Amino acid sequence: VSPALLSLSPDGFADHKGEFLGKGSQVRRLRDACSKTGITLVACIDPVATARELTGFSERQWRDALHAVRRKLTAGKVERVRREKEARSAAKKTTKVDKDADEKDTYESLNVPLNPKVRLALDEAEAMNEDSLVYLSRGIVMAYKNADPKMLEQFQRVVLSVPESKIGGGADSARQPGLNILVVDYSSIYGMDCPAVDTLLMCDDLGRMLSTNDLQQFLGRLRRDGVALFTNFSTVCRATSAFGADAGATAAAAAPK
Numbered sequence: 002v003s004p005a006l007l008s009l010s011p012d013g014f015a016d017h018k019g020e021f022l023g024k025g026s027q028v029r030r031l032r033d034a035c036s037k038t039g040i041t042l043v044a045c046i047d048p049v050a051t052a053r054e055l056t057g058f059s060e061r062q063w064r065d066a067l068h069a070v071r072r073k074l075t076a077g078k079v080e081r082v083r084r085e086k087e088a089r090s091a092a093k094k095t096t097k098v099d100k101d102a103d104e105k106d107t108y109e110s111l112n113v114p115l116n117p118k119v120r121l122a123l124d125e126a127e128a129m130n131e132d133s134l135v136y137l138s139r140g141i142v143m144a145y146k147n148a149d150p151k152m153l154e155q156f157q158r159v160v161l162s163v164p165e166s167k168i169g170g171g172a173d174s175a176r177q178p179g180l181n182i183l184v185v186d187y188s189s190i191y192g193m194d195c196p197a198v199d200t201l202l203m204c205d206d207l208g209r210m211l212s213t214n215d216l217q218q219f220l221g222r223l224r225r226d227g228v229a230l231f232t233n234f235s236t237v238c239r240a241t242s243a244f245g246a247d248a249g250a251t252a253a254a255a256a257p258k
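Everything in the sequence shown is counted per the working numbering, starting at 2 for the first residue and increasing by one.
Shown next, in the form of structure tokens:
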């Protein structure tokens with residue numbers, strides 16, 4: 002890239018500079034920057050705090066979401082008790098094959114709908130804390146040191162099981178997976194390969210601490226085409242420049258305020 006830029010005429014360079022520094026689209030919330038068709042990978046220092054911000058909930062909305070999760074869990078437990086009673090009352094009238102089928106239906110088909118695309122088996126939902134269930138209801142999964150093991154299971158399920166073909170096209174979000182925002186800390190970025198990731202978001206609490214090489218490895222999490230978003234102009238320069246931090250600082254100082 003550098004030789005090509007150095008060979009540009011002054012007018013050509015000015016055109017490219019104008020495009021690079023031109024007015025971009027603005028978002029009101031961090032969540033608005035996330036992909037509407039595929040999976041977004043968000044890297045930050047504090048995944049829990051960032052995930053809370055990504056829910057887009059106010060304090061009141063968060064409390065309401067917790068109450069909604071509790072109601073769904075309670076409804077699932079009530080349904081399980083009802084089915085167990087029915088199974089016991091019908092036990093004398095069925096063959097062993099029928100009993101096995103009834104028992105399987107009683108326990109395996111019970112689930113908790115967290116959102117239209119995310120449903121957990123009741124026993125899975127019971128094993129998770131309520132905060133984690135709210136995050137899942139908003140399509141958010143996390144991976145970080147000392148994370149809830151059940152949350153990590155959901156994270157790995159998304160990473161390993163969502164194919165690139167699952168990504169929708171254009172503005173169509175019908176094919177977007179129900180769990181579509183992966184929030185990670187530094188330790189969880191490298192070596193991760195999720196084919197359906199089409200948007201990267203580097204929060205600058207982490208980005209400003211990374212080297213150019215680290216940032217370029219982060220960009221490598223995009224399998225093919227996609228969008229990489231940074232919350233700091235200097236970090237963008239370091240991520241895309243062979244000249245490292247000095248070039249980033251110079252470019253940031255020269256950028257219009």
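Even glycine gets a Cβ: it sits at the ideal position worked out from N, Cα and C. Bear in mind the structure is a predicted one, so any value in this text is a computation, not a measurement.
Nonlocal neighbours in the same chain, by C-beta distance under 7 Å from residue i, ignoring five residues either side
i: Leu121; result: Asn112, Val113 and Leu115
i: Gly179; result: Asn116, Lys118, Val119 and Gly140
i: Ala264; result: Past the boundaries of the shown model lies residue 264; the chain is included only from 2 to 258, so the question cannot be answered.
i: Glu80; result: Leu111
i: Gln155; result: Leu137, Val142 and Leu180
i: Arg225; result: none
Integer Cβ distance of residue i from residue j, believed to fall under 8 Å
i: Ile40; j: Val198; result: 5 Å
i: Leu31; j: Glu60; result: In fact, because the Cβ distance is near 17 Å, the residues do not count as touching under 8 Å.
i: Leu134; j: Val70; result: 5 Å
i: Pro48; j: Met143; result: 5 Å
Own chain residues within Cβ distance below 8 Å of residue i, not counting five before or after
i: Ala128; result: Lys151
i: Leu223; result: Val198, Asp199, Leu201 and Ala229
i: Pro164; result: Pro196 and Ala197
i: Phe14; result: Leu6
i: Ala172; result: Any reading at Ala172 must be qualified, since the residue scores a pLDDT of 47, below 50, and its modelled position is unreliable; the value itself is stated next. Excluding positions up to five away in sequence, the list reads Lys37 and Thr38.
i: Arg209; result: Asn233, Ser235 and Thr236
Pairwise C-alpha distance: residue j and residue i
i: Asp215; j: Ile46; result: 14 Å
i: Leu207; j: Tyr187; result: 8 Å
i: Ala240; j: Ser36; result: 21 Å
i: Tyr277; j: Ser235; result: What is shown of the chain runs 2 to 258, which leaves residue 277 out entirely.
i: Glu125; j: Gly77; result: 12 Å
i: Thr38; j: Ser189; result: 23 Å
i: Leu161; j: Ile182; result: 14 Å
i: Asp205; j: Cys238; result: 13 Å
i: Leu260; j: Met193; result: The shown model of the chain, from 2 to 258, leaves out residue 260, and the question about it has no answer.
i: Leu74; j: Leu220; result: 39 Å
i: Val82; j: Ser90; result: 12 Å
i: Glu9; j: Gly19; result: Sequence inspection shows Leu at residue 9; the Glu mentioned does not correspond to that position. Cα-Cα distance, rounded: 14 Å.
i: Gln218; j: Met203; result: 12 Å
i: His68; j: Asp12; result: 60 Å
i: Gln62; j: Ala175; result: 25 Å
i: Lys93; j: Gln157; result: 43 Å
Closest residue to residue i among the options (Cα-Cα distance)
i: Ile191; options: Asp205, Arg176, Pro178 and Leu211; result: The displayed chain sequence assigns Tyr, not Ile, to residue 191. When each option's Cα is compared against that of Tyr191, the closest is Leu211.
i: Ala52; options: Gln217, Phe231, His68 and Tyr145; result: Tyr145
i: Ala34; options: Gln218, Thr232 and Arg81; result: Thr232
i: Arg29; options: Gly57, Arg81, Asp132 and Met193; result: Gly57
i: Arg64; options: Met193, Asp226 and Glu131; result: Glu131
i: Val159; options: Lys94, Gln177 and Gln217; result: Gln177
i: Ala50; options: Ala148, Gln218 and Asp226; result: Ala148
i: Arg72; options: Lys94, Lys93 and Leu123; result: Leu123
Close beta carbons around residue i, own chain, < 6 Å, minus the five adjacent residues each side
i: Ser138; result: Leu115 and Asn116
i: His17; result: none
| request: Within the region 72 to 156, note down every full alpha helix (DSSP H) run reaching 4 residues or more, in order along the chain. | output: 97 to 109, 123 to 127 and 131 to 138
| query | Counting only runs that start and end within the region 177 to 256, where is the beta strand (DSSP E) found for 3 or more residues in a row? | reply | 182 to 185, 198 to 203 and 228 to 231
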